[in-house]
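Heads up, the thing below is written out as structure tokens.
Protein chains: 2
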Amino acid sequence: MELQLVNERRRPAYAAQRLAEFAERCRAGGLAVTPQRIAIIKVLLDSAEHPRADAICAAVRKQHPHVSLATVHRTLETLCEIGEARKVTMLHDSARYDGNLTPHHHVVCIKCRCIRDIEIPQLDRILAGRSELGEFTVLGSSLEIHALCERCGAKAAKRATGGVGRSQRKQKSSK
Amino acid sequence: MELQLVNERRRPAYAAQRLAEFAERCRAGGLAVTPQRIAIIKVLLDSAEHPRADAICAAVRKQHPHVSLATVHRTLETLCEIGEARKVTMLHDSARYDGNLTPHHHVVCIKCRCIRDIEIPQLDRILAGRSELGEFTVLGSSLEIHALCERCGAKAAKRATGGVGRSQRKQKSSK
DNA sequence: TAACCAGATGATAATTATTACCATCTAGGA
DNA sequence: TCCTAGATGGTAATAATTATCATCTGGTTA
Chain A
1 MELQLVNERR
11 RPAYAAQRLA
21 EFAERCRAGG
31 LAVTPQRIAI
41 IKVLLDSAEH
51 PRADAICAAV
61 RKQHPHVSLA
71 TVHRTLETLC
81 EIGEARKVTM
91 LHDSARYDGN
101 LTPHHHVVCI
111 KCRCIRDIEI
121 PQLDRILAGR
131 SELGEFTVLG
141 SSLEIHALCE
151 RCGAKAAKRA
161 TGGVGRSQRK
171 QKSSK
Chain F
176 MELQLVNERR
186 RPAYAAQRLA
196 EFAERCRAGG
206 LAVTPQRIAI
216 IKVLLDSAEH
226 PRADAICAAV
236 RKQHPHVSLA
246 TVHRTLETLC
256 EIGEARKVTM
266 LHDSARYDGN
276 LTPHHHVVCI
286 KCRCIRDIEI
296 PQLDRILAGR
306 SELGEFTVLG
316 SSLEIHALCE
326 RCGAKAAKRA
336 TGGVGRSQRK
346 QKSSK
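Protein chains in written order, with our numbering: chain A, 1 to 175; chain F, 176 to 350.
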């Protein structure tokens, strides 16, 4: 299977392009274009580290020392909501455990966060043949499929048809 | 690609088997076999919910009302270390963000938790063709490859050869 | 251009999950 | 049966995130 580390040399051009489009995309998503948001997306686009909120905040503060950590947290979530960023750690809220040791993967409902096991023997076979990846020594892997479960899908469909038309972005997942 | 939800009917037999082997496996892993550990693995094996520590604790307390939540947290981590359980949320400690919106996946070092992007166009193509999975509506997916980065792999190798031979289980990741 | 206001921010308190600590207990070997 | 390394319970401490709220400002409208 074709499988390779992303070339870091592509980053500057990609970041520049995304930054150029950022203001327009904010407006499209119904967001004000603030200096904080621009500073935060800039740091994120320039980083290869998949950083945490505190690291982004520290980097932003080099230019804008007044920025609040709460703003950074809020902004990152907001950017994810309008699709300008992606949270790598979908289920980071709390640790979840699995007693099933047989090779398997997971489907996760993005709303209620229920998880079910899935089997993909073909994928397991392909990955079992890989022991290194660039400078990394491969130990294992796990595919996480993001989905809506039956119940949450039904709710979303009902809201879409019978809804009162209020801003969709406001809907928070019911933890 | 073969890809299906795991059949829940298999669980009872699997759980019984694992439970029967549990004491022996604890000893093999250098762990005492305590009533708490047995109660915790039993709850975990009987659950399809990929539960959190507090849910496991609540279930355990139905039989052993005295069990501490701290013990449940510790035990779950310990079970993962000897390979009797698996943490679904490898990177749950804190949220990590990514500004790269092009389809890609991640390699994660299990020691230092550094993350690098990888591309697997073939996998993306396969998954893009899937819009439902049992009762789930598929939205996206993310493969997480667990690995050792160059630096951490080198450290581990040095410890293995020149080490003082103390219990490997004790080594905690340096956050 | 000026005035307005919904939404954004900063500062800080509150919450939540997890880990640290330590006195006590116990599994399992001598 | 005795002993001790390791396990546990109870609780304090920590760390990440979210909530709250007074203030501010981007962007629309008059």
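A virtual CB, placed ideally from N, CA and C, is assigned to each residue, including glycine.
Task: Top-ranked residue by Cα proximity to L219 (chain F), from F:R200, F:L244 and F:R261 - done: Relative to L219 (chain F), the option among F:R200, F:L244 and F:R261 whose CA is nearest is F:R261.
- [ ] Please decide whether P51 (chain A) counts as near chain F, where near means a Cβ-Cβ distance under 9 Å.
- [x] For P51 (chain A), at least one C-beta of chain F is nearer than 9 Å to its own C-beta.
- [ ] Note down the Cα distance separating G338 (chain F) from A332 (chain F), rounded to an integer number of angstroms.
- [x] Only weak support is given to the placement of G338 (chain F): the predicted model assigns it a pLDDT of 44, under 50, and the value that follows is read from those uncertain coordinates. Going by the C-alpha atoms only, they are around 9 Å apart.
Task: Supposed close pair S316 (chain F), H146 (chain A) - CB separation, criterion 8 Å - done: Between H146 (chain A) and S316 (chain F) the Cβ distance is about 6 Å, and since that is below 8 Å, they are a contact.
Open item on the list: Measuring straight from C-alpha to C-alpha, what distance separates T277 (chain F) and A15 (chain A)?
Closed with: Their Cα atoms are separated by approximately 12 Å.
TODO: With a threshold of 16 other CB atoms inside 10 Å of the CB of M265 (chain F), please say whether the residue is buried or exposed.
DONE: M265 (chain F) comes out buried.
Open item on the list: Rounded to whole angstroms, what is the Cα-Cα separation between E177 (chain F) and R37 (chain A)?
Closed with: Distance between the alpha carbons of E177 (chain F) and R37 (chain A) is about 43 Å.
Task: P12 (chain A) versus I41 (chain A): straight-line alpha-carbon distance, rounded - done: Across the structure, P12 (chain A) and I41 (chain A) are spaced so that their CA atoms are roughly 13 Å apart.
Open item on the list: Quick check on the burial criterion: 16 or more other C-beta atoms within 10 angstroms. Buried or exposed for V33 (chain A)?
Closed with: Taking a 10 Å sphere around the C-beta of V33 (chain A), we find fewer than 16 other C-beta atoms and assign the residue as exposed.
TODO: Taking 9 Å as the cut-off, decide whether the C-beta atoms of C284 (chain F) and C255 (chain F) are in contact.
DONE: The Cβ atoms of C284 (chain F) and C255 (chain F) do not sit closer than 9 Å to each other.
Task: Cut-off 7 Å between Cβ atoms - residues of its own chain near C232 (chain F), not counting five sequence neighbours on either side - done: Excluding residues up to 5 positions away in sequence, V242, L244 and V247 lie with their Cβ nearer than 7 Å to the Cβ of C232 (chain F) in the same chain.
Task: Beta-carbon contacts of A223 (chain F) that lie in its chain and below 8 Å, excluding the five residues immediately before and after - done: Cβ contact annotation for A223 (chain F) (same chain, cutoff 8 Å, sequence separation greater than five): E183 and R186, in chain order.
Open item on the list: For a cutoff of 9 Å on Cβ pairs, would you count A203 (chain F) as touching chain A?
Closed with: No, its Cβ sits nowhere closer than 9 Å to a Cβ of chain A.
Open item on the list: Checking 9 Å against the spacing of the C-beta atoms, do I118 (chain A) and L318 (chain F) come in under that value?
Closed with: Not closer than 9 Å, so no.
- [ ] Could you name the residues of the same chain whose beta carbon sits closer than 8 Å to that of Q238 (chain F), not counting the 5 residues immediately before and after it, in chain order?
- [x] Contacts found: A214.
Task: Top-ranked residue by Cα proximity to R249 (chain F), from F:G328, F:D229 and F:I295 - done: Of F:G328, F:D229 and F:I295, the residue nearest in Cα terms is F:D229.
Task: Chain-ordered neighbours of G116 (chain A) on chain F, where CB pairs are closer than 8 Å - done: Note that residue 116 (chain A) is Arg in the sequence shown, not Gly. Simply L180, V181, A223, G309 and F311.
Task: Runs of alpha helix (DSSP H) wholly within the stretch 194-230 of chain F (minimum 4 residues, chain order) - done: Taking 4 residues as the minimum length, the alpha helix (DSSP H) runs contained wholly in the stretch 194-230 of chain F are 210-221, in order along the chain.
Task: 9 Å Cβ cutoff, L206 (chain F) in contact with chain A - done: With respect to chain A, the C-beta atom of L206 (chain F) has no partner C-beta closer than 9 Å.
Task: Which residues DSSP lists as bridging C109 (chain A), in chain order - done: Note: C109 (chain A) sits in a beta bridge opposite A:A147.
Open item on the list: Can you find the residues in the same chain that come closer than 6 Å, C-beta to C-beta, to V88 (chain A), ignoring five residues on each side of it along the sequence?
Closed with: Within the same chain, Cβ atoms closer than 6 Å to the Cβ of V88 (chain A) are found at H50, the five residues on either side in sequence being excluded.
Task: Secondary structure of E84 (chain A), DSSP reduced to three states - done: Correct three-state label for E84 (chain A): coil.
TODO: Please decide whether V242 (chain F) counts as near chain A, where near means a Cβ-Cβ distance under 9 Å.
DONE: Closer than 9 Å: no.
TODO: Name the residue from A:E84, A:K111 and A:S131 whose alpha carbon lies nearest to the alpha carbon of K155 (chain A).
DONE: Comparing C-alpha distances from K155 (chain A) to each of A:E84, A:K111 and A:S131 shows the shortest one belongs to A:K111.
TODO: Inspect the beta-carbon positions of L302 (chain F) and V107 (chain A) and report whether they are closer than 9 Å.
DONE: No.
Task: Backbone secondary structure at T246 (chain F) - three-state DSSP - done: In the three-state reduction of the DSSP assignment, T246 (chain F) falls in the helix class.
Open item on the list: Checking 9 Å against the spacing of the C-beta atoms, do A23 (chain A) and I82 (chain A) come in under that value?
Closed with: No, these two residues do not count as a Cβ contact at 9 Å.
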